[in-house]
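Visitor: Okay, handing you the structure first.
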Amino acid sequence: MEIKIFNLKLKNFKGIKELEIVFNGQNTNIYGRNATGKTTIFDAFKWLFFDKDSNDKKDFNIKTLDQNNKPIHFLEHEVEATLLIDGQDMTFKKVFQEKWVKKRGQSEQEFSGHETNYWIDEVPVKKKDYEEKINSLIPESLFKLITDPSYFNNQLKWTERRELLINISGANVSDEEILNSKEEFSSIRKNIEGRSIDDYKKVVQAKIKELNKQKESIPVRIDELTNTLITEHNIDYEKIEKEKEELNSQLKTTELEMTDVQARAKENMKIADQLTTAKKELSDYKLKKETEYSQKYSSELINLQNEKRILESKIRNQQDEDSERLLKIKQDQNRKQELYKKWDEVSNKRLEFDSNSFICPTCKREYETEKIEEMKKQFENNFTLHIKSEQDAINKEGQAINMRLDENTKAREMLQQEIQELNNKLTEISNKITEIEKAKENDNSFDVTSLPEYNNKIKEIEELEEKVNNLTNGDISYLQNKKVEITEEINKLNKILNERDIQEKTKLRIEELQNEEENISMKIQELEGEQYALEEFTKTKVELLENAINSKFEIVKFRLFDTQINGGLIECCDTLVNGVPYSDVNNAHKILAGLDIINTLIKFYNTSAPIFIDNRESINEIYPINTQIISLIVTTDSQLRIEVK
């Protein structure tokens with residue numbers, strides 16, 4: 017695919033008010049002093065397609081500024097380009113503008129943000145469709161690589177550059193083919209176990225690092241163990257062993273003697289326990305017999321005392337009830353006297369007429385005589401009925417009182433009779449209790465010492481007491497002290513012997529660590545040999561890659577690995593111009609190197625696009641390349657001068 021610029025229009029873009037350049041798809045030189053807008057043309061072209069400037073920055077200002085460097089509002093910032101794509105026209109247009117809204121009730125508009133509108137061949141499209149169309153023509157990553165000579169070396173990471181170069185080199189030699197090409201790679205083939213070369217390098221490096229770490233720690237551990245060793249001063253360990261054996265024999269004899277003394281003490285304790293038990297049995301027997309004798313009186317006495325308490329309780333209950341009955345009788349008698357008095361009051365009542373009762377409440381005149389007599393007769397009847405009603409109520413209450421008085425009086429008579437009977441019975445029981453207590457006090461006939469069982473137990477106790485008096489315990493405290501002394505001597509000897517054992521174990525451990533250090537060194541040596549083989553593999557592979565890659569370029573060469581001070585290889589991707597690193601050559605050679613790289617990329621991807629060469633004035637003659645070239649050249653021209661070739 018061949019992409020060329022037919023024309024480019026700018027309006028209010030980064031200080032350029034309006035500009036149109038007709039390229040006609042030809043190489044073009046754009047002349048002007050610094051800050052006249054040469055780079056702005058490249059910025060506009062990049063922004064139109066990818067929202068970025070010529071330095072690949074997305075966040076940059078395209079607005080036109082006033083003399084105070086403030087954005088001028090209400091302007092449309094527009095870029096439009098017509099491309100020739102394999103000879104066919106296609107126009108792209110993008111307009112960036114401010115959004116102003118006027119809210120209800122306000123007289124002035126308010127700024128509410130920005131918006132961007134897009135057109136393809138004068139047809140408005142959405143941003144997504146616009147970007148998809150551009151990407152379908154040429155991906156952004158490829159566009160930047162083939163339009164900017166500095167992009168490959170200045171913007172890509174070295175790993176990205178290396179990957180791209182390997183991809184375009186066409187070197188399809190696999191790792192397996194390289195491994196099989198030399199016998200020195202046989203150990204790699206054997207140990208790689210399906211890993212990639214890079215992963216296997218990491219495994220080997222990690223193992224070496226871990227083994228070195230282990231190896232570094234061993235001398236420290238040996239020093240620590242060596243410092244714990246003590247200088248032996250001709251210690252006779254055989255003599256110490258014999259002394260320990262003799263002391264152990266003495267200890268065993270002492271412990272047997274202690275066991276014998278403890279056995280005798282145990283037997284003595286058993287006899288003492290039997291004596292204590294016999295004395296307790298004698299005491300229990302005596303108490304039992306005395307209790308049995310006293311129970312002859314106690315049982316009957318307890319029964320009588322219980323019966324006495326029951327009678328006393330009944331008497332108290334009957335007396336309480338009698339007191340309640342008496343109180344009720346007195347209350348009823350008092351009420352009865354009140355009723356007599358009330359009867360007399362009611363019977364002595366007389367009817368008296370109120371003269372106002374015979375006056376009409378409406379006209380205030382006295383009723384007629386006939387009506388007055390009729391009213392008096394009615395009053396008398398009502399009065400008589402009222403008196404009778406009160407007397408009937410008094411009679412009814414009086415009859416009820418008489419019934420209660422009769423009932424309570426009879427009940428009291430019965431209660432007093434019962435109380436008398438209970439008191440008589442209580443007196444009888446009290447007399448019996450007194451008689452029994454006197455009989456018990458005067459009865460001295462019982463003597464427990466006359467019983468055979470009692471005397472047998474006395475004899476048993478005397479025999480046990482005689483045995484206790486004849487016992488011997490032995491001196492256990494002497495034997496205990498002797499055991500402690502022997503044990504302390506044995507512990508002292510054990511401490512010396514233990515130190516000997518620790519010394520021997522420490523020496524053995526030091527020897528083990530020394531052997532371990534030697535084994536680790538051998539493993540490290542083997543792994544370093546493997547590491548060297550891997551570096552040789554990398555060098556072989558890189559030489560193949562470098563030859564394949566460098567054959568694709570005319571001016572530049574690439575170094576894909578670097579040799580370290582220790583002879584090891586590290587991967588890299590350095591661009592060289594006539595053997596000089598890209599970063600050290602002048603600007604002209606940097607541009608020529610970039611053009612050489614672009615030329616190779618154009619051939620590989622079969623795609624070309626306009627190349628913008630900034631600072632073109634530093635180059636006398638550029639590398640011939642089959643694509644449109646737009647040169648930005650610094651001159652003394654105060655305004656842009658455009659020359660289409």
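Position 576 (the sequence shown) corresponds to 592 in this note's numbering; numbering is contiguous. Quick reminder that beta carbons are idealized off the backbone N, C-alpha and C, glycines included. Since this is a predicted model, take the numbers as computed values, not measurements.
1) Answer yes or no: do PHE58 and ASP630 have a C-beta to C-beta separation smaller than 8 Å?
2) According to DSSP, is PRO597 part of a helix, a strand, or is it coil?
3) When burial is assigned at 16 or more other CB atoms within 10 Å of the CB, is GLN644 buried or exposed?
4) Which residue from GLU114, LEU24, ILE526 puts its Cα closest to that of ASP105?
5) Can you pull the DSSP bridge partners for THR292?
6) Quick one: grab the DSSP three-state call for GLY129.
7) Compare the C-alpha of SER599 against each of VAL38, GLU148, ASP75, SER166 and name the closest.
8) Measuring only the C-alpha atoms, how far is GLU96 from LYS27?
9) Distance, Cα to Cα, SER493 vs GLU481?
10) Enumerate in chain order the residues of its own chain whose CB-to-CB distance from ILE417 is below 7 Å, with the five nearest sequence positions on each side excluded.
11) My understanding is that VAL277 touches LEU529, with C-beta atoms under 8 Å, so please give their C-beta distance in whole angstroms.
12) Of all Cβ atoms in chain D, is any one closer than 8 Å to the Cβ of LEU267?
13) Among the residues of its own chain, which have a CB less than 8 Å from the CB of ARG525, if the five just before and after it don't count?
14) Can you tell which of VAL558, THR556, SER329 has its C-alpha closest to the C-alpha of ILE435?
15) According to DSSP, simplified to helix, strand and coil, what is HIS402?
16) Compare the beta carbon distance of GLY324 and ILE474 with 8 Å and say whether it is the shorter of the two.
17) Buried or exposed, going by whether 16 or more other CB atoms sit within 10 Å of the CB of ASN535?
18) Is the CB-CB distance between ILE46 and ILE649 below 8 Å?
19) Based on Cα-Cα distance, which residue from TYR356, LEU64, ARG332, LYS511 lies nearest to MET410?
20) Please report the straight-line C-alpha distance between GLU262 and ALA288, rounded to a whole angstrom.
21) For the candidate residues LEU153, GLU562, ASN333, whose alpha-carbon lies nearest to that of LEU431?
22) Does the contact criterion of 3 or more C-beta pairs under 8 Å hold for the region 604–614 versus the region 143–154?
23) What residue from ILE445, SER202, CYS379, GLU259 has the CA that sits closest to THR320's CA?
24) For ASN418, write down the residues that DSSP places opposite it in a beta bridge.
25) Which term fits GLU546, buried or exposed, when burial requires 16 or more other beta carbons within 10 angstroms of its beta carbon?
26) What residue range is occupied by the uninterrupted beta strand (DSSP E) comprising THR378?
Guide: Taking the geometry as given:
1) Taking the sequence shown and counting its residues from 1, one reaches residue 58 at position 42. Taking the sequence shown and counting its residues from 1, one reaches residue 630 at position 614. In contact: PHE58 and ASP630 (Cβ atoms closer than 8 Å).
2) Walking along the sequence shown from the start, residue 597 turns up at place 581. The answer is strand: DSSP assigns PRO597 an E or B state.
3) Position 628 of the sequence shown holds residue 644. The residue is buried, with at least 16 neighbouring Cβ atoms inside 10 Å.
4) Within the sequence shown, residue 105 is the residue found at index 89, counting from 1. Closest by alpha carbon: LEU24.
5) As a first step, residue 292 is located in the sequence shown; it is residue number 276 there, counting from the start. Per DSSP, none; premise fails for THR292.
6) Indexing the sequence shown from 1 puts residue 129 at position 113. If DSSP states are grouped into helix, strand and coil, GLY129 belongs with the strands.
7) Counting from 1 along the sequence shown, the entry for residue 599 is found at position 583. Per the Cα distances, SER166.
8) Locating residue 96 in the sequence shown gives position 80, counting from the first residue. Locating residue 27 in the sequence shown gives position 11, counting from the first residue. When rounded, the distance between both Cα atoms is 9 Å.
9) Residue mapping note: residue 493 aligns to position 477 of the sequence shown, counting from 1. Residue mapping note: residue 481 aligns to position 465 of the sequence shown, counting from 1. Answer to the nearest angstrom: the Cα atoms are 26 Å apart.
10) Within the sequence shown, the letter at position 401 stands for residue 417. The answer, listed in chain order, is ASP348, ARG351, LYS352.
11) For the purposes of this step, residue 277 is identified with residue 261 of the sequence shown, where counting begins at 1. For the purposes of this step, residue 529 is identified with residue 513 of the sequence shown, where counting begins at 1. Contact doesn't hold; Cβ gap of about 54 Å is too wide.
12) Going by chain labels, chain D is absent from the structure shown, which holds only one protein chain.
13) On the sequence shown, position 509 is the one that residue 525 refers to. Same-chain partners within the cutoff: LEU241.
14) For the purposes of this step, residue 435 is identified with residue 419 of the sequence shown, where counting begins at 1. If we check each option's Cα against that of ILE435, SER329 comes out closest.
15) What you label residue 402 is simply residue 386 of the sequence shown in a count that begins at 1. Note: HIS402 maps to helix in three-state DSSP.
16) Locating residue 324 in the sequence shown gives position 308, where the first residue counts as 1. Locating residue 474 in the sequence shown gives position 458, where the first residue counts as 1. Contrary to the premise, residue 324 reads as Lys rather than Gly in this sequence. No, these two residues do not count as a Cβ contact at 8 Å.
17) Working through the sequence shown from its first residue, we reach residue 535 at position 519. Exposed, since its Cβ has fewer than 16 Cβ neighbours within 10 Å.
18) Within the sequence shown, the letter at position 30 stands for residue 46. Within the sequence shown, the letter at position 633 stands for residue 649. Yes, Cβ-Cβ distance for ILE46 and ILE649 is below 8 Å.
19) Taking the first residue of the sequence shown as 1, we reach residue 410 at position 394. As written in the sequence, residue 410 is Ile, which differs from the Met given in the question. Ranking TYR356, LEU64, ARG332, LYS511 by Cα distance to ILE410 puts TYR356 first.
20) On the sequence shown, position 246 is the one that residue 262 refers to. On the sequence shown, position 272 is the one that residue 288 refers to. Distance between GLU262 and ALA288, taken at the CA atoms: about 39 Å.
21) Residue 431 sits at position 415 when you count from the first residue of the sequence shown. Taking only the C-alpha atoms, the option nearest LEU431 is ASN333.
22) Taking one beta carbon from each stretch, the region 604–614 and the region 143–154 have fewer than 3 pairs nearer than 8 Å; the two do not touch.
23) Taking the first residue of the sequence shown as 1, we reach residue 320 at position 304. Looking at the sequence shown, residue 320 is not Thr but Leu. Of the candidates ILE445, SER202, CYS379, GLU259, the one whose C-alpha sits nearest the C-alpha of LEU320 is ILE445.
24) Counted from its first residue, the sequence shown places residue 418 at position 402. Partner(s): none; ASN418 has no beta bridge.
25) Residue 546 sits at position 530 when you count from the first residue of the sequence shown. Answer is buried; the Cβ neighbour count reaches 16.
26) By one-based count along the sequence shown, residue 378 stands at place 362. Note, THR378: premise wrong, no beta strand (DSSP E); not H, not E.
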